[in-house]
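Contents: one structure, followed by commentary.
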Amino acid sequence: MNCQECGKRPATLHLTKIVNGEKTENHLCEHCAQEKGHFVQGFGNFSINNLLSGLLNFDPMSKNAAQGAMGNPSTATKPMRCETCGMTYAQFSKSGRFGCSDCYEHFGSKLDPLFRRIHGNTNHVGKVPERTGGQIKIRKELEQLKSTLQQYIATEEFEKAAEMRDRIRALEQKIAQSQ
Amino acid sequence: MSLQRFMQYPWSNWMKGEGPDADIVISTRLRIARNLRQHPFPLLATDSQAEEVVNKVAEVATSDAMQKVGSFEQVKMEQLSPLEKRVLVEKHLISPNLAEESRKGAVLLSEDESVSIMVNEEDHIRIQVFLPGFQLSEAWEAGSRIDDIFEKNLNYAFNENRGYLTSCPTNVGTGIRASVMLHLPALVMTQQINRILQAINQVGLVVRGLYGEGSEAVGNLFQLSNQVTLGMSESDIISNLYSVANQIIQQEREARRYLSEHSRTALEDRICRSYGTLLYARTVESKEAAQRLSDVRLGIDLGIIDNVTSFTLNELLVSTQPGYLQQAAGQKLTAEQRDERRARLIREKLSAK
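If you're matching them up, the sequences are chains A and B in order. Residues 1 to 179 in my numbering are what the first sequence lists, from first letter to last. Residues 180 to 532 in my numbering are what the second sequence lists, from first letter to last.
See the structure below:
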């Protein structure tokens, strides 16, 4: 059977809708189904962690490293491992979960591409814990004020910009005093 | 207050049916994920380490500082039967993950059930605030206040570059997931919903069903939440979600107006048929119940039905769930028995004045 919409491709999706007792049947190809806004189902229970481990395994760097190691067995590097909890990068990429907070340190910059893919970013902006933060908090606030200042300058809102400038000065003094 | 009460009564604070834009936004939820620095994440923790986390968190939750925010009662997962856990999941007080997968999992519940603090879920601490209507900033403020009290007393896993460290890389950074539960019958009826859902995915937000990840959207209820947690501040995340939700609310209102003007009879017919079915049906499956209750809810919002409150409907949202029906019956029920009890419960609630 061909798709009833385009008549060209074979119909792979057969939808039966019953609305208020009225039954309608549709036979569509995937392309037309998507165009008509029907959800393409059939992926089953595909959890976020499956997707994540897909992202994690995509790592051209480690592929090269593996090939290098094969050619020269004596330089085979031992697997990347978190020294605190013992989780290896391979285990992490399988489960999609870190073992402890130190994993973030030990896997280090290897995580940047992952974060970029998930969040589009690699660095935190936003709340900083009061007690743990202290200085960090002021520095972060300063960064944000500075970017707001640039925005106001760009949109020529000079009164607001001046206000930002004063707040930036006050914070800079605060840092200077505490050092 | 006791565990008994959390089990027996289906009401929580979020069901009030009050609050801003309550005709479309049923509830607002905000979750903050936090971990302790010195302990391995729950995935790798030993039983004794996990227990230590439970005790540390409970100590702060019952401290004087926290008393000012609310009084919390601790419930350990191991104390509960599978059915009791299910009731708490249906009330949205705990996640399915805490109920089924956690080791030494526990939850601290506030008296009005607007705050629940899960311990040893995927992360050590998950603070959840649940409010009626559209109250994103209020939820963040309330959650953040609790977060501050914990931070004064516990050593959080925090890193200057990565922010709050979480077990799953999808939560790192702010660790917050904000969501609103939207009732969008008119967008579904006018077939605009798929177009909107597709657009939403392109702006860093996700839509899920009533019971979160992997759950189906039943009864025209959609949960809209942020996806990105790293590289955006909490206030940006919240205002982003706020403005997208606001757009959808306007579109839904527009669609409702369109339907009222152009297909008034058909709309009234559909709503009143559903109302009639629920008033007289002797057996109702959960999916049909959800759909018909959605029609009745729309009928209330449009002034077509005036002797039912949205509080009653919110209550039914929970009390017609399989776990809750069995809890109320005090026994295990077959699917047929549940459909019968569901129909009876709905009849009683809708005809009570």
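Every residue gets a Cβ at the ideal spot worked out from N, C-alpha and C, and that includes glycine.
| said: Taking its Cβ as the centre, do 16 or more other Cβ atoms sit within 10 Å of A/Phe115, making it buried, or is it exposed? | reply: Reading the first sequence from its first residue, position 115 is the one you call residue 115 of chain A. It is buried - the Cβ of A/Phe115 has at least 16 other Cβ atoms within 10 Å.
| Beta-carbon spacing of B/Asn340, A/Asn123 below 9 Å | Here residue 340 of chain B corresponds to residue number 161 of the second sequence, with the count starting at 1. Here residue 123 of chain A corresponds to residue number 123 of the first sequence, with the count starting at 1. Contact: yes.
| B/Ile304 bridges to which residues according to DSSP? | Taking the second sequence and counting its residues from 1, one reaches residue 304 of chain B at position 125. The partner list for B/Ile304 (beta bridge, DSSP) reads B/Arg213 and B/Val298.
| request: Mind checking who B/Tyr454 pairs with in its DSSP beta bridge? | output: Reading the second sequence from its first residue, position 275 is the one you call residue 454 of chain B. Answer is none; B/Tyr454 lacks a bridge partner.
| request: Sort B/Thr345, B/Gln217, B/Val232 and B/Gln258 by Cα distance to B/Leu182 and report the nearest one. | output: Numbered from its first residue, the second sequence carries residue 182 of chain B at position 3. Ranking the options by Cα distance to B/Leu182, first place goes to B/Gln258.
| said: Using beta carbons (cut-off 9 Å, strictly below), is A/Arg131 in contact with chain B? | reply: Position 131 of the first sequence, counting from 1, holds the residue named residue 131 of chain A. So, interface residue.
| message | On a Cα-Cα basis, can you pick out the residue from B/Val298, B/Gly322, B/Leu222 and B/Glu300 that is closest to B/Gly249? | response | For the purposes of this step, residue 249 of chain B is taken as residue 70 along the second sequence, with counting starting at 1. Nearest C-alpha to B/Gly249: B/Gly322.
| Environment of B/Lys511 [buried if 16+ CB atoms lie within 10 Å] | Against the second sequence, residue 511 of chain B aligns to sequence position 332. When all chains shown are included, B/Lys511 counts as exposed.
| message | Rounded to the nearest angstrom, what separates B/Gly352 and A/Gly7 at their Cα positions? | response | Counted from its first residue, the second sequence places residue 352 of chain B at position 173. Counted from its first residue, the first sequence places residue 7 of chain A at position 7. Each residue's Cα considered, the two are about 49 Å apart.
| Excluding five sequence neighbours on each side, which residues of the same chain lie with their C-beta closer than 6 Å to the C-beta of B/Val308? | To locate residue 308 of chain B, count along the second sequence from 1; it is residue 129. Within the same chain, B/Val308 has close Cβ partners Leu209, Val294, Ala318, Ala321 and Gly322.
| request: Check the C-beta distance from B/Tyr459 over to B/Gly478 and give it rounded, since I have them as a contact under 8 Å. | output: Walking along the second sequence from the start, residue 459 of chain B turns up at place 280. Walking along the second sequence from the start, residue 478 of chain B turns up at place 299. With a Cβ gap of about 16 Å, B/Tyr459 and B/Gly478 do not count as contacting.
| query | If you draw a straight line from the C-alpha of B/Lys283 to the C-alpha of B/Val463, how long is it? | reply | The residue you call residue 283 of chain B lines up with position 104 of the second sequence. The residue you call residue 463 of chain B lines up with position 284 of the second sequence. In a straight line, the C-alpha of B/Lys283 is about 37 Å away from that of B/Val463.
| Between which two residues does the alpha helix (DSSP H) containing B/Met186 stretch? | In the second sequence, residue 186 of chain B corresponds to position 7, counting from 1. Its alpha helix (DSSP H) spans residues Leu182 to Gln187.
| task | Below 7 Å CB to CB, which residues in the same chain sit around B/Val385 once its five sequence neighbours on both sides are set aside? | result | The count along the second sequence starts at 1 and reaches residue 385 of chain B at position 206. Cβ within range, chain order: Ser404 and Gln406.
| message | Quick check: what's the CA-CA separation for B/Val286 versus A/Thr24? | response | Stepping through the second sequence from its first residue, residue 286 of chain B is reached at position 107. Stepping through the first sequence from its first residue, residue 24 of chain A is reached at position 24. Cα to Cα, B/Val286 sits roughly 47 Å from A/Thr24.
| Whole-angstrom distance between B/Cys347 and B/Lys247, CA atom to CA atom | Taking the first residue of the second sequence as position 1, residue 247 of chain B is located at position 68. Taking the first residue of the second sequence as position 1, residue 347 of chain B is located at position 168. Spanning the two alpha carbons is a distance of roughly 32 Å.
| query | Straight-line CA distance for B/Phe251 to B/Asn338? | reply | In the second sequence, the residue the question calls residue 251 of chain B occupies position 72. In the second sequence, the residue the question calls residue 338 of chain B occupies position 159. Going by the C-alpha atoms only, they are around 29 Å apart.
| message | If we define contact as Cβ-Cβ less than 9 Å, is A/Leu15 a contact residue for chain B? | response | Residue numbering aside, residue 15 of chain A sits at position 15 when the first sequence is read from its first letter. For A/Leu15, the answer is no, since every Cβ of chain B falls outside 9 Å of its Cβ.
| How big is the Cα-Cα spacing for A/Ser95 and B/Ala278? | Counting from 1 along the first sequence, the entry for residue 95 of chain A is found at position 95. Counting from 1 along the second sequence, the entry for residue 278 of chain B is found at position 99. Looking at the two C-alpha atoms, the distance is approximately 20 Å.
| query | So is A/Pro79 buried or exposed if we call it buried at 16+ other beta carbons inside 10 Å? | reply | Taking the first residue of the first sequence as 1, we reach residue 79 of chain A at position 79. By the neighbour-count rule (16 or more Cβ atoms within 10 Å), A/Pro79 is not buried but exposed.
| What first and last residue would you give for the beta strand (DSSP E) that runs through B/Asn405? | Residue mapping note: residue 405 of chain B aligns to position 226 of the second sequence, counting from 1. Counting along the chain, the beta strand (DSSP E) containing B/Asn405 begins and ends at Leu400 to Asn405.
| task | Taking only runs that begin and end inside the stretch 340-376 of chain B, name each unbroken alpha helix (DSSP H) of 4 or more residues, in chain order. | result | 364-368
| message | Taking its Cβ as the centre, do 16 or more other Cβ atoms sit within 10 Å of B/Gly398, making it buried, or is it exposed? | response | Here residue 398 of chain B corresponds to residue number 219 of the second sequence, with the count starting at 1. Buried, because 16 or more other Cβ atoms sit within 10 Å of the Cβ of B/Gly398.
| said: Rounded to the nearest angstrom, what separates B/Ser473 and B/Pro221 at their Cα positions? | reply: Start at 1 with the first residue of the second sequence, and residue 473 of chain B comes out as number 294. Start at 1 with the first residue of the second sequence, and residue 221 of chain B comes out as number 42. Rounded to whole angstroms, the separation of the alpha carbons of B/Pro221 and B/Ser473 is 39 Å.
| field | Length of the line joining the Cα atoms of A/Asn2 and A/Glu30 | value | On the first sequence, position 2 is the one that residue 2 of chain A refers to. On the first sequence, position 30 is the one that residue 30 of chain A refers to. Looking at the two C-alpha atoms, the distance is approximately 11 Å.
| request: Provide the residue span of the beta strand (DSSP E) that contains B/Ser289, from first to last. | output: As a first step, residue 289 of chain B is located in the second sequence; it is residue number 110 there, counting from the start. Residue range Ala285 to Ser289 is occupied by the beta strand (DSSP E) that includes B/Ser289.
| Any idea if B/Gly482 is buried or exposed, counting beta-carbon neighbours within 10 angstroms, 16 or more meaning buried? | In the second sequence, the residue the question calls residue 482 of chain B occupies position 303. By the 10 Å Cβ count, B/Gly482 comes out exposed.
| query | How about B/Ala357 and B/Leu262: do their beta carbons lie closer than 9 Å? | reply | Here residue 357 of chain B refers to the residue found at position 178 when the second sequence is read from its first residue. Here residue 262 of chain B refers to the residue found at position 83 when the second sequence is read from its first residue. Going by C-beta atoms, B/Ala357 is not nearer than 9 Å to B/Leu262.
| said: I'd like to confirm the pairing. Which residues does DSSP put opposite A/Thr88 in its beta bridges? | reply: Residue 88 of chain A sits at position 88 when you count from the first residue of the first sequence. DSSP output for A/Thr88 lists A/Arg81 as bridge partner(s).
| query | Secondary structure at A/Ile18, three-state DSSP: helix, strand or coil? | reply | Locating residue 18 of chain A in the first sequence gives position 18, counting from the first residue. Assignment of A/Ile18 by DSSP, reduced to helix, strand and coil, places it in the strand class.
| Since A/Thr24 sits in a beta bridge, which residues does DSSP pair it with? | Numbered from its first residue, the first sequence carries residue 24 of chain A at position 24. Note: A/Thr24 sits in a beta bridge opposite A/Lys17.
| Through-space distance from B/Ile372 to B/Asn480, alpha-carbon basis | For the purposes of this step, residue 480 of chain B is identified with residue 301 of the second sequence, where counting begins at 1. For the purposes of this step, residue 372 of chain B is identified with residue 193 of the second sequence, where counting begins at 1. The amino acid at residue 480 of chain B is misidentified as Asn; the sequence shows Asp. Whole-angstrom Cα-Cα distance: 19 Å.
| CB-CB length for B/Tyr503 against B/Val266, believed under 8 Å | For the purposes of this step, residue 503 of chain B is taken as residue 324 along the second sequence, with counting starting at 1. For the purposes of this step, residue 266 of chain B is taken as residue 87 along the second sequence, with counting starting at 1. Going by Cβ atoms, the distance from B/Tyr503 to B/Val266 rounds to 5 Å, so yes, they are a contact pair.
| field | Cβ neighbours of B/Glu447 in the same chain (closer than 6 Å, five flanking residues each side left out) | value | Against the second sequence, residue 447 of chain B aligns to sequence position 268. Ile483, listed in sequence order.
| 8 Å CB neighbourhood of A/Glu83 in its chain, flanking five on each side removed | Position 83 of the first sequence, counting from 1, holds the residue named residue 83 of chain A. Asp102 and His106.
| task | Give, in chain order, every residue of the stretch 100-120 of chain A whose Cβ lies closer than 8 Å to some Cβ of chain B. | result | Cys100, Ser101, Tyr104, Glu105, Leu111, Leu114, Phe115, Ile118, His119 and Gly120
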